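Below is one structure, written out as structure tokens; the observations come after it.
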Amino acid sequence: MSQHLDSEAEFFLKQGLQLSRAGAFEDALLSLDRVLHLHPDRHHVWHTRGVTLSELGHYEDAVASFNQAIDLEPHSPEAFNSRGIALYNLRSYEEAIVSYDKAIKLRPNFHQAWHNRGNALDKSGCYEEALKSYDKTLEFEPDYSKSWYNRGIILYKLERYQAAIDSYDQAIKYRPHYSHAWYNRANTLNQIGHHREALSSYDRVLTIKPEWYGAWYNRGNVLHKLGRHEEAIYSYNKALAINATLYEAWYNRGNAFDALGRYDEAIESYRKALDLKPNLREAWYNWGSALYKSGCYREAIASYDRALKLNPGFAKAWFSRGSALRKLGLYAEAIASYDKAVQFQPEMSEAWYCRGIALGHLGQNEAAIESYDRAISINPDFHPAWYSRGSALGHLGDYQSAVASYDKALEIKPNFPDAQSRRTLALDHNQSLQASAHTDSNEGRIAAERTDEASSFSNRALNTEEPVKSSPPLHT
583 MSQHLDSEAE FFLKQGLQLS RAGAFEDALL SLDRVLHLHP DRHHVWHTRG
633 VTLSELGHYE DAVASFNQAI DLEPHSPEAF NSRGIALYNL RSYEEAIVSY
683 DKAIKLRPNF HQAWHNRGNA LDKSGCYEEA LKSYDKTLEF EPDYSKSWYN
733 RGIILYKLER YQAAIDSYDQ AIKYRPHYSH AWYNRANTLN QIGHHREALS
783 SYDRVLTIKP EWYGAWYNRG NVLHKLGRHE EAIYSYNKAL AINATLYEAW
833 YNRGNAFDAL GRYDEAIESY RKALDLKPNL REAWYNWGSA LYKSGCYREA
883 IASYDRALKL NPGFAKAWFS RGSALRKLGL YAEAIASYDK AVQFQPEMSE
933 AWYCRGIALG HLGQNEAAIE SYDRAISINP DFHPAWYSRG SALGHLGDYQ
983 SAVASYDKAL EIKPNFPDAQ SRRTLALDHN QSLQASAHTD SNEGRIAAER
1033 TDEASSFSNR ALNTEEPVKS SPPLHT
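Numbering-wise (the numbering used here), the sequence shown opens with residue 583 and increments by one.
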């Protein structure tokens, strides 16, 4: 092409190309403009100018240059492809696809144009069509690792996870140190629960790119899921050493410390997460849970309140707030919190159960039984609810029904000594009641005994409860 230029234009063209290769795009542009001043009809120079403008991020000007090139040479697939790239960068995806289609019409085996078309279709949300474009790329260029990689991303979006992994494997086959392919492979394995394989892929990423904090972070998440909490903390620390502003790593580091029972360190991590993202409701909630487990109930309530300020419909926070209030003996306030929990999540059996416990402490045993019944209707195998229901029935003097409730608790959990002992006590009371019906002379004495022992029985039952445990949410 350069033979059609005079010596001066040839000089400026060579200079422009050299400057462009050196990354001096502004200077390259000046040289190319000198060429076009001398020869404004050179389509290949307009094309090169458009590429240079694209490198500078001046995409609208680049499109104008590519249009000039196309006007002068309407059969140039390269110009249509380059114009498509500039339009893509302007987020004009439909126009970009039209440009790629014209490039492909001129050169059907133009694998880069097929690949770029797939990218634009992906951005347009046309995933199946994008997949077909990548497949066409690979038909013409089977070792084009970028298309294998992008194909994997599309398959992931389509929730075809194993096929996505297979695509990443192909990308890695042709480019073994393709860190992004290893990373996405790990993420996909994590998504389908293959945590050990995911861990191995994250390790490969970090061998190639040890400063990738996202890989350290996700590696920590996988280790946390595997119950390897100390190793998870090490990974989070590595991520934070590279990027101390990664609030997700501070947050999940807190979760790992919490899982180890190291609540002070968990609280400090949650504090760091909240310094960076004050509206992270999960961190406020988990901070409250760590305080609760440390016995700091009032402070826990304050944390739950912060979570609820961010999301008033956060049923789990209302539930945990109620449990902290109950620990402080504030039973009426606890019931109000449990009421809010079941308002937002009516099927939360734990909230109905704990509401019953609080009602029992206030002596409202009939209402407590109604709460236990709601818990049991949601979860028939909820043995603590059957046990506490028996306690409430015993307090009301309905020992026969109490025995039936204890029987259900023991059927679900045979190794339940408290239920066994309370069942025996209820049976004794029931037999005493039956005997009293036939012994008029002993009626007053037995009635007095029953009242005293029933009260004692109820108090013991209320003070013996199995806590409902829940693990904190884990974010990846």
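We treat Cβ as the ideally placed atom computed from N, Cα and C, and that holds for glycine. What you are looking at is a predicted structure, and each value in this text was computed from that prediction instead of being measured.
Applying the criterion that 16 or more other CB atoms from any shown protein chain within 10 Å of the CB defines a buried residue, is residue i buried or exposed?
{"i": "residue 880", "result": "exposed"}
{"i": "residue 638", "result": "exposed"}
{"i": "residue 635", "result": "buried"}
{"i": "residue 630", "result": "buried"}
{"i": "residue 910", "result": "exposed"}
{"i": "residue 827", "result": "exposed"}
{"i": "residue 973", "result": "buried"}
{"i": "residue 842", "result": "exposed"}
{"i": "residue 854", "result": "buried"}
{"i": "residue 588", "result": "exposed"}
{"i": "residue 891", "result": "exposed"}
{"i": "residue 836", "result": "buried"}
{"i": "residue 825", "result": "exposed"}
{"i": "residue 861", "result": "exposed"}
{"i": "residue 694", "result": "buried"}
{"i": "residue 560", "result": "Since the displayed the chain opens at 583 and closes at 1058, residue 560 lies outside it and no answer follows."}
{"i": "residue 582", "result": "The first residue shown for the chain is 583 and the last is 1058, placing residue 582 beyond what the model contains."}
{"i": "residue 734", "result": "buried"}
{"i": "residue 650", "result": "buried"}
{"i": "residue 697", "result": "buried"}
With distance defined between alpha-carbon atoms, name the residue in the options nearest to residue i.
{"i": "residue 848", "options": "861, 818, 825 and 824", "result": "818"}
{"i": "residue 685", "options": "658, 1008, 963 and 986", "result": "658"}
{"i": "residue 888", "options": "905, 868, 813 and 740", "result": "868"}
{"i": "residue 964", "options": "998, 806 and 940", "result": "998"}
{"i": "residue 995", "options": "983, 1007, 962 and 601", "result": "962"}
{"i": "residue 812", "options": "795, 697, 700 and 840", "result": "840"}
{"i": "residue 966", "options": "916, 825 and 989", "result": "989"}
{"i": "residue 844", "options": "781, 784 and 873", "result": "873"}
{"i": "residue 652", "options": "626, 672 and 675", "result": "626"}
{"i": "residue 620", "options": "886, 777, 591 and 737", "result": "591"}
{"i": "residue 632", "options": "664, 837 and 1006", "result": "664"}
{"i": "residue 1000", "options": "985, 986 and 969", "result": "969"}
{"i": "residue 768", "options": "752, 904, 759 and 786", "result": "786"}
{"i": "residue 914", "options": "945, 613, 898 and 1004", "result": "945"}
{"i": "residue 936", "options": "928, 736, 904 and 713", "result": "904"}
{"i": "residue 850", "options": "822, 833, 1007 and 714", "result": "833"}
{"i": "residue 922", "options": "877, 908, 900 and 940", "result": "900"}
{"i": "residue 912", "options": "646, 893 and 942", "result": "942"}
Compute the beta-carbon to beta-carbon distance between residue i and residue j, rounded to the nearest angstrom, for a pair I have assumed lies under 8 Å.
{"i": "residue 727", "j": "residue 756", "result": "4 Å"}
{"i": "residue 933", "j": "residue 924", "result": "5 Å"}
{"i": "residue 666", "j": "residue 681", "result": "4 Å"}
{"i": "residue 987", "j": "residue 975", "result": "6 Å"}
{"i": "residue 703", "j": "residue 711", "result": "5 Å"}
{"i": "residue 675", "j": "residue 705", "result": "5 Å"}
{"i": "residue 858", "j": "residue 866", "result": "Not really, about 13 Å apart at Cβ, beyond 8 Å."}
{"i": "residue 931", "j": "residue 957", "result": "4 Å"}
Jot down the residue ranges of each uninterrupted alpha helix (DSSP H) in the stretch 864-935, minimum 4 residues, whole runs only, in chain order. Here the runs fully enclosed are 879-892, 897-909 and 913-926.
Which parts of the stretch 819-847 are runs of the alpha helix (DSSP H), unbroken and 4 residues or longer, counting only runs that do not cross its ends? Counting only unbroken stretches of 4 or more residues, the alpha helix (DSSP H) elements lying wholly within the stretch 819-847 are 829-841, in sequence order.
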